[in-house]
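Chains A and B, in that order, give the protein sequences. Counted the way this note's numbering counts, the first sequence spans residues 1220 to 1492. Counted the way this note's numbering counts, the second sequence spans residues 86 to 336. Cβ coordinates follow ideal geometry from the N, Cα and C atoms, glycine included. Written below as structure tokens is the structure these notes are about.
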Amino acid sequence: MLKPLIPDHLSLITVPALALILVAIFAQYLTPFDPYAQDLTRALTPPDSVNLLGTDRYGRDILSRVIIGSQTTILSALALLAVISIVGSLIGAVCGFKGGRVDTILMRTSDVFLAFPQMVFAIAAAGALGGGLFNAALALALIGWTKYARISRSLTLTIRKMPYIDAAKLAGTGSAGILINHVLPNIAGPILVTAALDIGTIIMELAGLSFLGLGAMPPTAEWGAMMNNGRSMLQTAPWVILSPGFAIFLTVAIFNLLGDKLRDVIDVRGNRN
Amino acid sequence: MFENILSVEEVSVAYGAKEIVHGVSFNLRRGEILAIVGESGSGKSTILKAINGLGGVVTDGQIFFDGREITNLDDNSRRKISGESIGMIFQNAGASFCPVRKIGAQIFESVAAHKNWTYAEFESRAGVIMKNINLDAKILNEYPFKLSGGMAQRAGILAATILNPKLLLADEPTSALDTITQVSVVKELLKLRERQNISIVIVTHHIGVAAYMADKILVLRDGRQIEVGTKEQIFKAPQEIYTRELIKAAA
């Protein structure tokens, strides 16, 4: 009977999602071997009782690398998401609340970004910025904020007309106070849902850029980059590419399910049954 | 004692190019209650909005509050008198509280915009008012959705009067309530006037409410002032056909 312990039906999917985040945070302490230690005598060993997921071409333990890679992949995706959702929502809320010229300038800017296919733009930007995980994240951030700006702007436009905003104005609260105390808390729910549904996408995109060589640089353990390393050995040593691939698949699936559940719980309008 | 707290002189209000209210005038003294009555769309609420600066532009005439002109005041000067000197009660009090924050925190926020009270100080002052208006002090720690219509309206009265304003604007404060709660809210407003000598402008389409609590009545139709006078004048000897019709319709 798990039900009384965990709020509502969020329960089942929050457990693996939280576990993944915890693994990512404490990755250093969970790896059975040093993920960067090379042992060429054991290069490309298939999974056995010592190296549970086998080793790569430098004899590095793949399980350890997948675990430490979760830190790079999951934590940087979450950090990136936090930045774009907060910055984007703030920009959108200010646009919706202030209107006028500020609104026009910022929204037309976001239109320009939205005119490009997201991944193509990110590849071009990451290429121009010159690779590296930070630059890859920056490239994704450049285009990622627009979505949150649009959502929060339209939510703010609705909220701006609510009686409690008038009430706050009449109570003598200034624009900044209204924005922080009344608008942001009310748009937080839908933004959170959007962000939760976005975690999987961001992980895929970051890993995608790394796979293309535009993200994490060797020897950093990152799932996308690890898959790229194993690409040429797909037929001879499939475990090299399958382990990080499966890690991405599992992580993205878990976070997508979490996002779905979160939407059902928070977003009343999304209650289709 | 007899000075005018609010003077509205030949005021016209427009939204964009459309003029909604045309040349309305009335005076309100300290402790007086004026009811603005009329059918829906007659511009009743627009007059209140022009007084508290929530919408519309005064295209003609002047509004004076406590001897000072407040016609089309800029946001900063408006903020100083809003809440502290002029309180507002909304038709849907529940919706006038932000849904995601506790009642106490919200009212305290408006207090903090004007005074340096600590939260404890605010609680004790709110406690006195709440006792007077039969409101459980516990609701300060509740979210708005937990309040019934009557409780929300009382919480609205608390929010509007905590800073002891000189003028209270009430936009259909009883319309969303059942009859029994309506009566109790009207009584609370009357007691408030007795205790604090507060002036009230109440907008209502409920002639009974106007007859019960107002000293003066302003009859409005299509944004024009049909008649203004004391309650006795309006009810005993209405000068205009429309006023008679309105009273008859209510009876």
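Proximity below 8 Å, CB of residue i to CB of residue j
i       : j       : result
K1480/A : I1287/A : no
G1200/A : D1275/A : An answer regarding residue 1200/A cannot be provided, because it is not within the stretch 1220 to 1492 covered by chain A.
D1462/A : V1285/A : Per the sequence shown, the amino acid found at residue 1462/A is Ser instead of Asp. Going by C-beta atoms, S1462/A is nearer than 8 Å to V1285/A.
P1382/A : N219/B  : no
E154/B  : P250/B  : no
G1494/A : M1436/A : This structure cannot settle anything about residue 1494/A, because the visible part of chain A is limited to 1220 through 1492.
Q1290/A : A1246/A : yes
P1409/A : L1374/A : yes
W1458/A : P1265/A : yes
L113/B  : S284/B  : yes
S110/B  : Q310/B  : yes
N137/B  : I171/B  : yes
A335/B  : I292/B  : yes
V196/B  : I247/B  : yes
I1406/A : A1360/A : no
L1263/A : L1272/A : no
V1402/A : R1482/A : no
G108/B  : G146/B  : yes
I93/B   : I148/B  : One detail in the question is off: residue 93/B reads as Val in this sequence, not Ile. Yes. Within cutoff.
L305/B  : S127/B  : yes
S167/B  : D256/B  : no
G1432/A : L1425/A : no
L133/B  : V288/B  : yes
I242/B  : A211/B  : no
I188/B  : A240/B  : yes
Start-to-end residues for the alpha helix (DSSP H) that takes in residue i
i       : result
I292/B  : 292-298
E208/B  : 204-217
L1299/A : 1295-1317
D1385/A : 1382-1389
Y1367/A : 1352-1378
M236/B  : 234-246
M1446/A : 1442-1449
F193/B  : 188-197
A1345/A : 1337-1348
R1261/A : Careful: R1261/A lies outside any alpha helix (DSSP H) and carries neither H nor E.
Y1248/A : 1246-1249
T1439/A : Where T1439/A is concerned, there is no enclosing alpha helix (DSSP H), given that its DSSP letter is neither H nor E.
A334/B  : 326-335
Boundaries (first-last residue) of the beta strand (DSSP E) holding residue i
i       : result
Y100/B  : 89-100
R1482/A : Taken as a continuous stretch (DSSP letters only), R1482/A belongs to no beta strand (DSSP E), being part of the alpha helix (DSSP H) at 1457-1485.
L254/B  : 252-256
Identity of the residues DSSP links to residue i by a beta bridge
i       : result
D1201/A : Given that chain A is displayed from residue 1220 to residue 1492, the structure contains no residue 1201/A and the question cannot be resolved.
E104/B  : A99/B
I1397/A : Answer is none; I1397/A lacks a bridge partner.
T315/B  : K301/B
D145/B  : S97/B
S167/B  : I171/B
T289/B  : V122/B
F111/B  : V93/B
E1424/A : Note: E1424/A sits in no beta bridge, so no partner.
S127/B  : DSSP lists no partner for S127/B.
R306/B  : R309/B
R153/B  : F150/B
S1289/A : Note: S1289/A sits in no beta bridge, so no partner.
S284/B  : L252/B
heavy atom of the ligand NAP below 7 Å from residue i C-beta
i       : result
M1338/A : Ligands in the displayed structure: none, and consequently the ligand NAP is not present.
Per-residue contacts from residue i into chain D (C-beta, under 9 Å)
i      : result
F182/B : Absent here is chain D; the protein component of the structure consists of chains A and B.
Got a sec: which bits of the stretch 142-175 of chain B sit with their beta carbon under 9 Å from any beta carbon on chain A, in order along the chain? D160, N161, R163, R164, K165, I166, S167, G168, E169, I171, G172, M173, F175
Could you list the residues in the stretch 1364-1394 of chain A with a C-beta less than 9 Å from some C-beta on chain B, going in chain order? M1381, P1382, Y1383, I1384, D1385, A1386, A1387, K1388, L1389, A1390, G1391, T1392, G1393, S1394
Could you please tell me which residues of the stretch 1397-1408 of chain A, in chain order, have their CB closer than 7 Å to any CB of chain B? N1400, H1401, P1404, N1405
At a cut of 8 Å, does the stretch 1414-1423 of chain A reach the stretch 1293-1311 of chain A through at least three beta carbon pairs? yes
Indicate whether the contact test is met: 3 or more Cβ pairs, each with one atom in the stretch 1303-1310 of chain A and one in the stretch 1362-1375 of chain A, closer than 8 Å. yes
Under 8 Å, with one C-beta from each stretch per pair, do the stretch 256-265 of chain B and the stretch 214-232 of chain B reach the 3-pair mark? no
For the 8 Å Cβ check, are there 3 or more pairs between the stretch 109-129 of chain B and the stretch 1462-1475 of chain A? no
Beta carbons nearer than 9 Å to chain A: which residues of the stretch 217-245 of chain B have them? P229, G241, A244, A245
Indicate whether the contact test is met: 3 or more Cβ pairs, each with one atom in the stretch 159-175 of chain B and one in the stretch 1370-1390 of chain A, closer than 8 Å. yes
Within 7 Å of chain A by C-beta, residues of the stretch 189-217 of chain B in sequence order: E194, S195, A198, H199
When you compare the stretch 111-121 of chain B with the stretch 297-317 of chain B, are there three or more beta-carbon pairs, one atom per stretch, that lie closer than 8 Å? yes
The stretch 121-141 of chain B: positions lying closer than 7 Å to chain A by Cβ: N137, L139
Counting beta carbon pairs with one atom in the stretch 159-169 of chain B and one in the stretch 1385-1403 of chain A, are three or more of them shorter than 8 Å? yes
Along the stretch 268-297 of chain B, what residues have a CB closer than 7 Å to any CB found in chain A? none
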